[in-house]
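**Q**
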Amino acid sequence: MHKNRLRLVGALAVALMAAGVGTGVPAQAHDKPTTLADLAQRHGRYYGSATDNPELVDEPYKAILGSEFDMITPGNGQKWYATEPQQGVFDFSKGDEIVNLARANHQRVRGHTLVWHSQLPDWLTSREWTATELRAVLKKHIQTEVRHYRGKIYAWDVVNEAFNEDGTYRETIFYKTLGPGYIADALRWAHQADPKAKLYLNDYNVEAVGPKSDAYYKLAKELKAQGVPLHGFGLQAHLALQYGYPTTLEDNLRRFARLGLDTALTEVDIRMILPADETKLATQAQWYRDLTEACLAVRRCVGITLWDYTDKYSWIPAFFEGQGAALPWDEQLQPKPAYFAIKEALKK
Ligand code: XIL
Numbered sequence: 167m168h169k170n171r172l173r174l175v176g177a178l179a180v181a182l183m184a185a186g187v188g189t190g191v192p193a194q195a196h197d198k199p200t201t202l203a204d205l206a207q208r209h210g211r212y213y214g215s216a217t218d219n220p221e222l223v224d225e226p227y228k229a230i231l232g233s234e235f236d237m238i239t240p241g242n243g244q245k246w247y248a249t250e251p252q253q254g255v256f257d258f259s260k261g262d263e264i265v266n267l268a269r270a271n272h273q274r275v276r277g278h279t280l281v282w283h284s285q286l287p288d289w290l291t292s293r294e295w296t297a298t299e300l301r302a303v304l305k306k307h308i309q310t311e312v313r314h315y316r317g318k319i320y321a322w323d324v325v326n327e328a329f330n331e332d333g334t335y336r337e338t339i340f341y342k343t344l345g346p347g348y349i350a351d352a353l354r355w356a357h358q359a360d361p362k363a364k365l366y367l368n369d370y371n372v373e374a375v376g377p378k379s380d381a382y383y384k385l386a387k388e389l390k391a392q393g394v395p396l397h398g399f400g401l402q403a404h405l406a407l408q409y410g411y412p413t414t415l416e417d418n419l420r421r422f423a424r425l426g427l428d429t430a431l432t433e434v435d436i437r438m439i440l441p442a443d444e445t446k447l448a449t450q451a452q453w454y455r456d457l458t459e460a461c462l463a464v465r466r467c468v469g470i471t472l473w474d475y476t477d478k479y480s481w482i483p484a485f486f487e488g489q490g491a492a493l494p495w496d497e498q499l500q501p502k503p504a505y506f507a508i509k510e511a512l513k514k
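Just so you know, the sequence shown maps onto residues 167 to 514 in this note's numbering.
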């Protein structure tokens, strides 16, 4: 009996060896290909993509979304207009669809976004509010949404796009009615509702060191000194070839790390004036490589998220006339030079 079992184990080992298991034989064609997420994880980072509800009927699209990435951001489904379409009436169906899909694919989720001047419901923007009223509205919105997703969100973009290009506060309904303190309040309220979620401020045109990123640096320093629950700074990184690469990105990420904050590239795309050509796509690939390397070079740059992964569903053509081709996969879901450049950067 004992002898037989040993013989069986031996035979099994021989069979496994013949199949190339455990022998250090390189991955064969039938193995899962290495994904951006796999490679990022080797560096303790994530590679993510935004997605949006209408696209979730596209099965080939969903297959890549579910396999290549390990972090998901709802592109619209968690915004105020979607989640509180009437005052006090909450609808989390759009956000839930994406959060549930991500969880089924063993992906984490960045929540986006709680306080923003854009994509607000009409009931909020079409009347005047006293400070007392708006404070209550804001607190209820934040806490209802964050509580709904408690335990399911890795990080929240709590306040989005709070500053102007020159580093002054953007005159949003929240700033004008409540003053700059709305930011600390929003962070505290979100923290009460989900103490484990990482809380971020997030903006565009903050990749380079400059007046706008300086404003965040100063604010973050103050908030940390006051013990406000702020954990990260999100740099959207909606870049454009015609404006040049933000060469101070790495230094910029590093100064926020020194404040004790995580950083992340949260909405990356690199648009170009259409038509795309080989030269532009090569430059774009180089920029994707460079920003990936910048994140890997800085402690506490925790990951990178593409603002969707394919040109098929990019927001760029609808918002920037004559521009597009901004993502690492083309409209046919085929990888572009940028995809291979990211992989090379992650393999180093
Ligand atoms: C965009 C979405 O991708 C579009 O579908 C929507 O129509 C407008 O908003 N900065 C942000 C994102 O923080 O929420 C924006 O997303 C892109 C710019």
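All residues carry an ideal CB built from backbone N, CA and C; glycine is no exception.
Helix or strand or just coil, what does DSSP make of Ser-233?
**A** Note: Ser-233 maps to helix in three-state DSSP.
**Q** Which first and last residues belong to the alpha helix (DSSP H) in which Lys-514 is found?
**A** Careful: Lys-514 lies outside any alpha helix (DSSP H) and carries neither H nor E.
**Q** May I ask you to check if the CB of Asn-330 is nearer than 6 Å to at least one heavy atom of the ligand XIL?
**A** no
**Q** Gln-402 to Gln-489, Cα distance in whole Å?
**A** 18 Å
**Q** Just verifying my parser: in three-state terms, what is the DSSP assignment at Phe-340?
**A** helix
**Q** At 4 residues or longer, and completely inside the region 296-374: list those alpha helix (DSSP H) runs for me, N to C.
**A** 297-314, 339-344 and 348-359
**Q** Spell out a yes or no on whether the region 289-305 and the region 261-268 are touching, meaning 3 or more CB-CB pairs, one atom from each, closer than 8 Å.
**A** Not touching, per the Cβ criterion.
**Q** Would you tell me roughly how many angstroms separate the C-alpha atoms of Gly-232 and His-307, rounded to the nearest one?
**A** 30 Å
**Q** For Arg-424, report the span of its alpha helix (DSSP H) as first-last.
**A** 415-424
**Q** In terms of DSSP beta bridges, what is Ser-292 paired with?
**A** None, per the DSSP bridge assignment.
**Q** Please report how far the alpha carbon of Tyr-212 lies from the alpha carbon of Cys-461, in whole angstroms.
**A** 11 Å
**Q** Here's the rule: buried if 16 or more other CB atoms are within 10 angstroms of the residue's CB, otherwise exposed. What is Asp-360?
**A** buried
**Q** I'd like the span of the beta strand (DSSP E) that includes Arg-119, first residue to last.
**A** One cannot answer for residue 119 here, as it falls past the ends of the chain, which runs 167 to 514.
**Q** Does DSSP put Phe-485 in a helix, a strand or coil?
**A** helix
**Q** Is Pro-240 buried or exposed, if buried means 16 or more other CB atoms sit within 10 Å of its CB?
**A** buried
**Q** With distances taken Cα to Cα, identify the nearest neighbour of His-314 among Glu-294, Gln-358 and Ser-292.
**A** Comparing Cα positions, the closest option is Gln-358.
**Q** Round the Cβ separation of Ala-356 and Val-394 to the nearest angstrom and send it over; I've been treating them as touching at under 8 Å.
**A** So it is not a contact: roughly 11 Å between Cβ atoms.
**Q** Quick one: is Phe-485 buried, meaning 16 or more other Cβ sit within 10 Å of its Cβ, or exposed?
**A** exposed
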